[in-house]
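This report concerns only the one structure given below.
In the working numbering, the protein residues as written are 12 to 568.
Printed below as a string of structure tokens:
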């Protein structure tokens with residue numbers, strides 16, 4: 012190659028550089044839909060241009076034929092890759108995709124096979140190949156065979172069909188994406204126009220073949236779209252999922268946290284135009300809202316709430332996140348929908364505040380009522396003790412010890428309230444017993460004993476219609492029932508006897524035997540303990556007796 016030929020090659024080398032640069036850029040963006048396929052389109056064009064350069068500088072006929080075949084290979088690669096680019100980029104639904112690809116590839120692959128085996132049949136290159144001397148390079152010349160004409164027509168026809176798909180997508184797409192699709196369509200049309208011109212013998216320049224230049228021009232337009240309209244950064248992946256007129260702001264981010272789509276409501280909130288937002292990092296556009304930026308980084312489907320303070324007014328939003336994946340299950344973006352729930356939140360907060368106030372007032376009234384009730388019960392207990400001087404202080408003592416034993420058994424506080432009230436009222440039924448029996452010195456006869464045994468039933472009749480004493484009634488009504496079933500008034504047995512009554516019965520007997528009564532002198536501590544051990548399993552619940560005696564030994568009762 013002579014030095015004077017170098018200027019002639021510069022345009023072709025520049026065309027090659029442009030095609031390779033676009034291919035490299037698209038390859039770097041290959042995880043984005045359509046980018047990987049288009050990198051092969053640009054690479055195929057670069058292969059064609061490279062083959063053409065080496066064909067020009069070659070001096071031998073065989074070498075020129077080899078590089079001519081290399082151009083065919085690059086052209087077929089670019090053609091097939093263009094099919095894939097359009098299908099991937101537009102997201103067109105093809106019912107029988109595999110069969111479609113077989114039909115699309117069978118002719119190009121068959122042609123490549125015939126190209127490699129041309130020496131056997133000469134269907135691609137005729138037998139007569141000529142090397143015509145020219146300036147600055149000799150030219151490979153031959154008559155085009157019918158097969159070459161057929162593959163050219165096939166390539167142009169299929170290429171135009173897929174350009175038609177792009178054009179149809181243009182009219183179906185939102186105006187935001189039409190500039191992108193227009194750039195892609197024009198970039199695809201330029202090479203095919205040059206291709207048709209060559210077949211028709213039209214020369215636009217003094218160069219023998221303008222295909223490298225049409226490839227370069229097409230790549231330049233595509234590159235302009237890539238950098239100006241961010242085609243592979245802002246593919247219309249989410250437009251079918253969004254409603255532009257939604258009242259809620261909708262933002263779509265790619266896997267690099269860049270905004271690739273936003274609806275009118277989102278733009279109104281930002282007070283920005285789409286061209287100032289699309290393609291920009293979310294953390295820059297939403298820098299005023301760090302809480303929202305943090306949520307933008309999530310890649311999981313979720314719903315959460317966040318607040319925005321604007322002009323001193325707090326607004327509440329419910330944020331829904333929907334991840335998007337391509338056919339290879341790679342994360343390609345996320346859809347964020349922010350629903351304004353400020354009115355609901357304000358109402359919820361007002362209701363919560365009102366509820367808290369009402370609960371506080373009810374709680375205060377409840378405490379006041381409970382205090383009044385308990386004061387009344389204590390008054391009844393004192394009134395009973397005034398009638399029976401011999402048992403003065405008995406209700407207070409048994410109440411305190413019963414509560415200690417109940418706590419030792421781990422009973423909750425709400426149960427202890429009923430035990431407290433039941434203990435105070437355990438002998439309330441004795442108010443109906445005549446004084447001559449209640450205050451009698453000495454032992455009672457059989458008839459008097461029967462009258463005294465009626466006091467649990469009397470207590471039941473007195474208290475059964477008082478709602479807040481329903482649980483407390485267990486002690487006044489059942490504290491004379493016995494573990495073996497020999498007690499009164501119902502003859503209950505074992506665990507059929509309410510636990511509160513089983514606990515109280517032990518404390519009641521302990522206190523009764525510990526103090527002088529008209530009919531009985533106080534027992535010693537050891538006598539009472541021995542008695543309780545003997546009555547365990549007969550009069551008393553064995554487990555409760557054991558716990559009581561253990562607490563008694565430890566000084567806890």
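Just so you know, even glycine gets a beta-carbon here, dropped at the ideal spot from N, CA and C.
Do the stretch 460-473 and the stretch 514-521 touch if we need at least three Cβ pairs shorter than 8 Å?
no
Return yes when the Cβ of residue 266 is within less than 7 Å of the Cβ of residue 343, no when it is not.
yes
Contiguous beta strand (DSSP E) assignments of at least 3 residues, all confined to the stretch 256-316
261-265, 270-273
Can you tell me the Cα-Cα spacing of residue 293 and residue 328, whole angstroms?
18 Å
Within 10 angstroms of the Cβ of residue 466, are there 16 or more other Cβ atoms? Answer buried if so, exposed if not.
buried
Along the chain, where does the beta strand (DSSP E) that runs through residue 328 open and close?
324-336
Own chain residues within Cβ distance below 6 Å of residue 202, not counting five before or after
225, 226, 229
Quick one: measure Cβ to Cβ for residue 281 and residue 29, integer angstroms, because I've assumed they're closer than 8 Å.
So it is not a contact: roughly 37 Å between Cβ atoms.
Measuring CA to CA, which of 354, 291, 555 is closest to residue 543?
555
Flag this pair as touching only if the stretch 62-74 and the stretch 30-49 have three or more C-beta atom pairs under 8 Å; answer yes or no.
no
What are the partner residues of residue 129, as DSSP defines its beta bridges?
Answer is none; residue 129 lacks a bridge partner.
Where does the unbroken alpha helix (DSSP H) through residue 446 begin, and where does it stop?
446-449
Length of the line joining the Cα atoms of residue 67 and residue 149
7 Å
Determine the burial state of residue 433: buried for a count of at least 16 other Cβ atoms within 10 Å of its Cβ, exposed for fewer.
buried
Taking C-beta to C-beta, are residue 440 and residue 558 nearer than 7 Å?
no
Residue environment, residue 182, which counts as buried when at least 16 other CB atoms sit within 10 Å
exposed
Cβ contact (3+ pairs, closer than 8 Å) linking the stretch 346-356 and the stretch 317-331:
yes
Would you be able to state if there are at least three C-beta pairs under 8 Å between the stretch 310-317 and the stretch 331-339?
yes
Between the C-alpha atoms of residue 23 and residue 49, what's the straight-line distance to the nearest angstrom?
21 Å
Reducing DSSP to helix, strand and coil, say where residue 497 ends up.
coil
Residue from 412, 347, 358, 221 whose Cα sits closest to the Cα of residue 59
221
Ignore the nearest five residues each way along the sequence and tell me which others in residue 431's own chain have a CB closer than 7 Å to its CB.
410, 414
Grab me the residues of residue 500's own chain with a C-beta within less than 6 Å of its C-beta, minus the 5 sequence neighbours each way, in chain order.
467, 468
Specify, as a first and last residue, the run of the beta strand (DSSP E) that residue 345 falls within.
342-351
Nearest CA to the CA of residue 509: which residue from 562, 115, 429, 91?
429
Here's the rule I'm using: 16 or more other beta-carbon atoms within 10 Å means buried, otherwise exposed. How should residue 305 be labelled?
exposed
Considering residue 507, what are the terminal residues of the alpha helix (DSSP H) in which it resides?
Where residue 507 is concerned, there is no enclosing alpha helix (DSSP H), given that its DSSP letter is neither H nor E.
Within 8 Å, do at least three Cβ pairs link the stretch 132-147 to the stretch 99-109?
no
For the stretch 79-93 and the stretch 115-127, state whether three or more C-beta atom pairs, one from each stretch, are separated by less than 8 Å.
yes
Taking the alpha-carbon of residue 167 as reference, which of 94, 503, 139 has the nearest alpha-carbon?
94
For residue 141: DSSP bridge partner residues
152
Spatially closest choice to residue 175 from 190, 165, 200, by CA coordinates:
200
Mind checking residue 361: buried by the 16 CB within 10 Å criterion, or exposed?
exposed
For residue 153, I'd like the list of residues in its chain whose CB is within less than 8 Å of its CB, leaving aside the five on either flank, ordered along the chain.
136, 137, 139, 140, 141
Whether residue 111 touches residue 45 by CB criterion (7 Å):
no
Quick one: residues in its chain with C-beta nearer than 8 Å to the C-beta of residue 417, no 5 flanking neighbours on either side, listed in chain order?
426, 427, 430, 511, 514
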